[in-house]
Amino acid sequence: MSISPFTTLESPLTSSWSPTNSYPDVATWMSGYSNRLWPRDPKPQLWSKFQVWEWLQQVMDINQIDASSVPFQNFDMDGHQLCGLSYQDFIHAAGSAGPVLFHSITELKWSGQCHVELGHLELKPELDFSCSFSEVSYPPADLDVYGPSIPPIAPVASPTPSSPGEECTSYTIQQDIKRSLSRQVKKHNPRGIHLWEFIRDILLNPERNPGLIKWEDRAEGVFRFLKSDAVAQLWGKKKNNISMTYEKLSRAMRYYYKREILERVDGRRLVYKFGRNARGWRESDMTRKRAPRRRRRHIFQFGSRLEEP
DNA sequence: CCAAAGTTTCCTGCTT
DNA sequence: GAAGCAGGAAACTTTG
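Residue numbers are given in numbering that gives the first Met the number 0: position 282 of the first sequence equals residue 281, and the series is strictly consecutive.
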């Protein structure tokens, strides 16, 4: 059995997520993935690349931002590099989600241990924040690992302009966050992450994939379930549905054929292939995103977005 | 309240 | 015979 590097991470839910705990390695993995454990190192400057990704995913999950709208590969950096990014860098790297991410990391840098949940932001009533960000889609038991809610953005947000004369006031950041979230949350997204995105994220995160799914043909997007029941349990945990089975999960997968998110792979059990409407799984997507367009202070390229199909 | 999207659940029949 | 696949049908949850 492969032991995930997150064995040391503890979660109050790890021992209770499944009545039988039939997949301890999965449970361990889950403790970091969907139980929303914040990276334990309170100083973001000390985060590993993986912790940066974890932070990224959690900020987007919590604020119900469509994960596919932010190129994770633009954040292929450790915490030190992340903390060096300016407000404009975040805009370039994450587009409309940039203000939210910038605010989150700014809070973490200053507070050392808290993270931002937009539902707790003290926004002016006249801003007409119609979306309910306090309504997170995770069990309340998960929330206590986050620590206290964050104070208002204004006193601590202190963006670093990328160039002289580039002013970023807390007011404009707050406006950006408002606009960003208005755009993001309007997208119809019934229950958070989609199944195919969940599968894709497992495949793209080998560090956290303890032999659940593997690529059969990386270039063609062909993959195979190694532990179908474990993946189903994981998906069920994600959706707060303990009765999820591979049979049900596979039915949902088959619905993707019609939408060309998946293509049929005949004659091979547990094998699927990403279709033309699946985004963000190609290696070429990632390498293209990293190619520098112009000289910047940091080694990563900002500004490109994942292609829409 | 309604419609739509995206599953979830159940089912029958077929294949490996 | 078990496990998986295929797809119809209905129900369900969430969002706009």
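Glycine residues also receive a C-beta, built at the ideal position from the N, C-alpha and C atoms.
Where does SER103 land, buried or exposed, given buried means 16+ other C-beta within 10 angstroms? buried
Just checking my contact of ASP88 with LYS48 at CB under 8 Å: how many whole Å lie between their CB atoms? So it is not a contact: roughly 17 Å between Cβ atoms.
Which two residues bound the contiguous alpha helix (DSSP H) that contains GLU259? Here GLU259 belongs to no alpha helix (DSSP H), and DSSP marks it neither H nor E.
Name the two residues that bound the continuous beta strand (DSSP E) containing LYS238. According to the DSSP assignment, LYS238 belongs to no beta strand (DSSP E), since it is labelled neither H nor E.
I'd like to check one pair, LEU107 with PRO43: are the Cβ atoms closer than 7 Å? yes
Tell me whether the region 227 to 235 and the region 198 to 217 touch, counting them as touching only if at least three CB pairs, one residue from each stretch, are closer than 8 Å. Because the criterion of three Cβ pairs below 8 Å is met, the region 227 to 235 and the region 198 to 217 touch.
With burial defined as no fewer than 16 other Cβ atoms inside 10 Å of the residue's Cβ, what is the status of GLY83: buried or exposed? exposed
Would LEU248 and TRP234 qualify as a contact pair, given that the criterion is a beta-carbon distance under 7 Å? Going by C-beta atoms, LEU248 is nearer than 7 Å to TRP234.
Distance CB(VAL221)-CB(LYS257) smaller than 7 Å: no
Quick check on SER95: buried or exposed, where buried means 16 or more other Cβ atoms within 10 Å of its Cβ? buried
What does the alpha-carbon distance come out to for the pair LYS238 and LEU45? If you draw a straight line from the Cα of LYS238 to the Cα of LEU45, it comes to about 32 Å.
Can you name, in chain order, every residue of its own chain whose Cβ lies under 6 Å from the Cβ of TYR245, other than the five neighbours on each side? SER227, ASP228, ALA231
Under the rule that 16 or more other beta-carbon atoms within 10 Å means buried, what is HIS79, buried or exposed? HIS79 should be labelled exposed.
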